[in-house]
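Down below is the structure, laid out as structure tokens.
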Amino acid sequence: MATAVERFDKKARRAFDRFGRTEVYVGELLRHPVYTRFLHWMVALFFFLALFSGFGIYLPWLFRWFTPIFGGGALARAMHPWFGVGFVIFFGLQMLNWLRPMAWTKADTDWMRNIMGVVSGERKLEPPDTGFFNAGQKLQFWEIVAGCAVYLVTGIILWAGARTFGRWPVAISYVLHDISALIMLGGIFIHIYLSTIGEPGTFQAMTRGSVSESWAWTFHPAWFKEATGRDPRQAYETAREAQEK
Amino acid sequence: MSDRKTLQIKQISGHSGASPGFEVQRDYEVCKLVDTTTCIGCKACEVACVEWNDLPFSPTTFDNTYQTMPDTRWSFWNLIKFNEHQREDGTIQWLMRKDQCMHCADPGCLRACPADGAIVQYTNGIVDFQQENCIGCEFCVSGCPYNIPKFNPATKKVYKCTLCSDRVGQGLEPACIKACPTGCLKFGSKDDMKFIAEERSKQLRENFGFEKAGVYDPQSIGGTHVIYVLHDATDPERYGGLPKDPQIPFAYTVWKWLAKPVLGTFALFGLLGVCLHYVTVGPRRPQPEPRKKESAHGDRS
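Chains as they are written, first to last, in my numbering: chain A, 1180 to 1424; chain B, 127 to 427.
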């Protein structure tokens, strides 16, 4: 199973590399291939289309000005489920693409335990065992996987409506669909913040596909070590000791 | 669908701000009284409804009963439900109930509706759909305890009985009332209809041996503007699934009117949170990588 998925992902990455290019300049590392970037931006596109078309329906007394963007309430309602389908399909492919690097490890549990160091800004460097993705990214990833499952099940029920599924399944789905959307809405602020102004140098990973080496060893030391064979953390510690002498 | 000049609006679905016209004028709460004990199942009300509202022909379904079709349709808002109830002594009681929108005082459809102005409730108690504002989400179908709103797949809008708001606005009775030959349908103020219904129930209890006769005006949804006199008010279910204790799902009461706005605002605090984080804590930048022990020492000195 896993191997079939990996073969599919490898094939897809090779196919997309033929259409798009990733230039890795001196002092940079390849972070995301074309295929991953394509999926990310398709997910983002459908996420925001679904978010804006859905929010006018979610809180009309506050967000009714979203629906004219889609040509009015009726069209927003008609298109919202299709936006959702696009979101789930592209995120499903991204999930298969990222199954391996997103696996939860012991290091992630420790990372989560010390999350306040990141929030308070005291921890300038990530712990040396932080790999390709850190625990925060993994948590968000698995939250979206769970959220997609909720969206899919409750969304189909809401789409077909009470005349197919009955009153109560629709009423329950209505609440669950909302909760899932609220969690993702909270998550998207953190995601956008950290990938742009919160941690400068991150955004280019999803645009050009490469990151600077200093970014890599600061935020993902274990991945940097794996990719380059060097351990600047060790060098840094040694340097600091030398300085203190 | 109605004349807004004469009907004062009480509630509007998905609407921000006050309802224009609310409590500007005094208005009677209207009510339709259906006395199931004197209904003869002639279906004149069904025909009158289709005719007045100019609804297209709906094919009938023959299922070995007198019932025109299993349920109301988007183009058939008034249906007499025929039910055979077996009494304890083995004899059969033939029940006929005119099924249509109940025009609840607390309408589940209006609570569920997310489209501004698609469902309005007038001060006189009529709940009316405004199809030009309907977005076709069908949440009203799950909000309704009586399975009344019906979706038209061609127009992607939902339709139901208007209690002939266009006629009532002009001081006329609904079309079904006008057509009824036995006087089993009555129309007037809620107080008057409630009074007549109670009197009739008393008569049924005392003079006709229907000891459980009573009025159906469920208080779980604040009462309805269509009330029934039933031979047995303790078991309305036997009249073609009339719920004894109709409920609006919590999704449209607690969740939609309380938790939703609160949590929706709370989610936006996420935006505030990251902005505050940026100005108080600030960004985390990549750290310079010390290449060699000696040079690192040299750099820092």
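Think of the CB as a built atom: it goes at the ideal place given N, C-alpha and C, for glycine as much as any other residue.
Only a predicted model underlies this, so the values are computations on that prediction, with no experimental measurement involved.
### Task
In angstroms with no decimal places, state the Cα-to-Cα distance between Ser184 (chain B) and Leu356 (chain B).
Distance between the alpha carbons of Ser184 (chain B) and Leu356 (chain B): 29 Å.
### Task
Please report the residue range of the alpha helix (DSSP H) in which Val400 (chain B) lies.
It spans Lys386 to Thr406 - the alpha helix (DSSP H) in which Val400 (chain B) sits, taken as one unbroken run.
### Query
With 16 as the cutoff for other CB atoms within 10 Å, does Tyr404 (chain B) come out buried or exposed?
Result: exposed.
### Message
Looking at chain B, is there any beta carbon in it that lies within less than 7 Å of the beta carbon of Lys1404 (chain A)?
### Response
With respect to chain B, the C-beta atom of Lys1404 (chain A) has no partner C-beta closer than 7 Å.
### Query
Quick one: any contact between the segment 170 to 177 of chain B and the segment 199 to 212 of chain B, if contact means 3 or more CB pairs under 8 Å?
Of all C-beta pairs linking the segment 170 to 177 of chain B to the segment 199 to 212 of chain B, three or more are shorter than 8 Å, placing the two stretches in contact.
### Message
Quick check on this structure: which residue in B:Lys282, B:Lys328 and B:Gly390 has the alpha carbon closest to the alpha carbon of Leu1254 (chain A)?
### Response
Taking only the C-alpha atoms, the option nearest Leu1254 (chain A) is B:Lys282.
### Message
Please report whether the beta-carbon of Gly243 (chain B) lies at a distance below 7 Å from any beta-carbon of chain A.
### Response
Cβ-Cβ to chain A under 7 Å: no for Gly243 (chain B).
### Query
Rounded to the nearest angstrom, how far is the Cβ of Ser1359 (chain A) from that of Ile1336 (chain A), given a contact under 8 Å?
The pair is not a contact, with the Cβ atoms about 13 Å apart (cut-off 8 Å).
### 7 Å Cβ cutoff met for Pro1379 (chain A) and Arg411 (chain B)
Yes. Within cutoff.
### Query
Quick one: Cα of Phe1226 (chain A) to Cα of Gly1263 (chain A), how far?
If you take the alpha carbons of Phe1226 (chain A) and Gly1263 (chain A), they lie about 7 Å apart.
### Query
DSSP three-state call for Gln256 (chain B): helix, strand or coil?
The answer is coil: DSSP assigns Gln256 (chain B) none of H, G, I, E or B.
### Query
In its own chain, which residues sit with a C-beta less than 8 Å from the C-beta of Arg293 (chain B), not counting the 5 before and 5 after it?
Cβ within range, chain order: Trp178, Glu299, Pro300 and Ala301.
### Query
Do you know how far the Cα of Phe321 (chain B) is from the Cα of Lys338 (chain B)?
Near 18 Å, if we compare the C-alpha coordinates of Phe321 (chain B) and Lys338 (chain B).
### Query
Whose C-beta lies closer than 7 Å to the C-beta of Gly424 (chain B) among residues of the same chain, with five residues either side of it excluded?
Only weak support is given to the placement of Gly424 (chain B): the predicted model assigns it a pLDDT of 44, under 50, and the value that follows is read from those uncertain coordinates. Cβ-Cβ distances below 7 Å link Gly424 (chain B) to nothing in the same chain once the five nearest sequence neighbours on each side are left out.
### Task
Determine the burial state of Lys382 (chain B): buried for a count of at least 16 other Cβ atoms within 10 Å of its Cβ, exposed for fewer.
Residue environment analysis places Lys382 (chain B) among the buried positions, since at least 16 neighbouring C-beta atoms fall within 10 angstroms of its C-beta.
### Short Cβ contact (7 Å threshold) for Asp225 (chain B) with Lys207 (chain B)
Yes, they are a contact pair.
### Message
DSSP has His1211 (chain A) in a bridge; who is on the other side?
### Response
Beta-bridge annotation (DSSP): His1211 (chain A) is not paired with any residue.
### Message
If you follow the beta strand (DSSP E) that Arg223 (chain B) is in, where does it begin and where does it stop?
### Response
Ile218 to Asp225 is the extent of the beta strand (DSSP E) around Arg223 (chain B).
### Query
Between the Cα of Pro344 (chain B) and the Cα atoms of B:Phe148, B:Pro196, B:Lys370 and B:Gly314, which residue gives the shortest distance?
Out of B:Phe148, B:Pro196, B:Lys370 and B:Gly314, B:Lys370 has the C-alpha closest to the C-alpha of Pro344 (chain B).
### Message
If I follow the unbroken beta strand (DSSP E) through Gln137 (chain B), where does it start and stop?
### Response
First-last of the beta strand (DSSP E) with Gln137 (chain B): Ile135 to Ile138.
### Query
Would you report the Cα separation of Trp1126 (chain A) and Gly1296 (chain A), rounded to the nearest angstrom?
Because chain A here runs from 1180 to 1424, residue 1126 (chain A) falls outside it and cannot be looked at.
### Query
Are the C-beta of Gly1233 (chain A) and some C-beta of chain B separated by less than 7 Å?
Among the residues facing chain B, Gly1233 (chain A) is not included, as its CB has no counterpart in that chain under 7 Å away.
### Task
Please confirm if the segment 1228 to 1236 of chain A is in contact with the segment 1406 to 1414 of chain A, defined as three or more CB-CB distances below 8 Å between the two stretches.
No: fewer than three Cβ pairs fall under 8 Å.
### Message
For a quick check, are the C-beta atoms of Ser1391 (chain A) and Phe1382 (chain A) less than 7 Å apart?
### Response
Going by beta carbons, Ser1391 (chain A) and Phe1382 (chain A) fall outside the 7 Å limit.
### Task
Go ahead and pull the three-state DSSP assignment for Gln212 (chain B).
Correct three-state label for Gln212 (chain B): strand.
### Message
Does the CB of Trp1440 (chain A) have a neighbour CB from chain B at under 7 Å?
### Response
Coverage of chain A is limited to positions 1180 through 1424, which leaves residue 1440 (chain A) absent and any answer about it impossible.
### Query
Are the segment 1266 to 1282 of chain A and the segment 1306 to 1322 of chain A touching by the rule of at least three beta carbon pairs closer than 8 Å?
They touch, by the three-pair rule.
### Message
Just to confirm the assignment, what range does the alpha helix (DSSP H) spanning Gly269 (chain B) have?
### Response
Taken as a continuous stretch (DSSP letters only), the alpha helix (DSSP H) holding Gly269 (chain B) covers Phe265 to Gly269.
### Message
For Phe1320 (chain A) and Val380 (chain B), what's the separation of their Cα atoms in angstroms?
### Response
Approximately 31 Å between the Cα atoms of the pair.
#### Entry: Glu356 (chain B) - partner residues in DSSP beta bridges
Reading off the sequence, residue 356 (chain B) comes out as Leu, not Glu. Note: Leu356 (chain B) sits in a beta bridge opposite B:Gly340.
### Query
According to DSSP, which residues form a beta bridge with Leu1364 (chain A)?
The partner list for Leu1364 (chain A) (beta bridge, DSSP) is empty, contrary to what the question assumes.
### Query
Mind checking if Ser1393 (chain A) is an interface residue toward chain B, Cβ cutoff 7 Å exclusive?
So yes, Ser1393 (chain A) belongs to the interface.
### Message
If contacts are defined as beta-carbon pairs under 8 Å, then Arg223 (chain B) and Leu368 (chain B) qualify, I think. What distance do you get, rounded to the angstrom?
### Response
Sure, about 7 Å apart at Cβ, within 8 Å.
### Task
Give me whichever residues DSSP pairs with Phe313 (chain B) in a beta bridge.
In the DSSP assignment, Phe313 (chain B) is bridged to B:Lys158.
### Query
Would Tyr272 (chain B) pass as a contact of Lys136 (chain B) if the rule is Cβ separation under 7 Å?
No, the Cβ-Cβ distance between Tyr272 (chain B) and Lys136 (chain B) is not below 7 Å.
### Query
Along the chain, where does the alpha helix (DSSP H) that runs through Val1324 (chain A) open and close?
First-last of the alpha helix (DSSP H) with Val1324 (chain A): Ala1314 to Ala1339.
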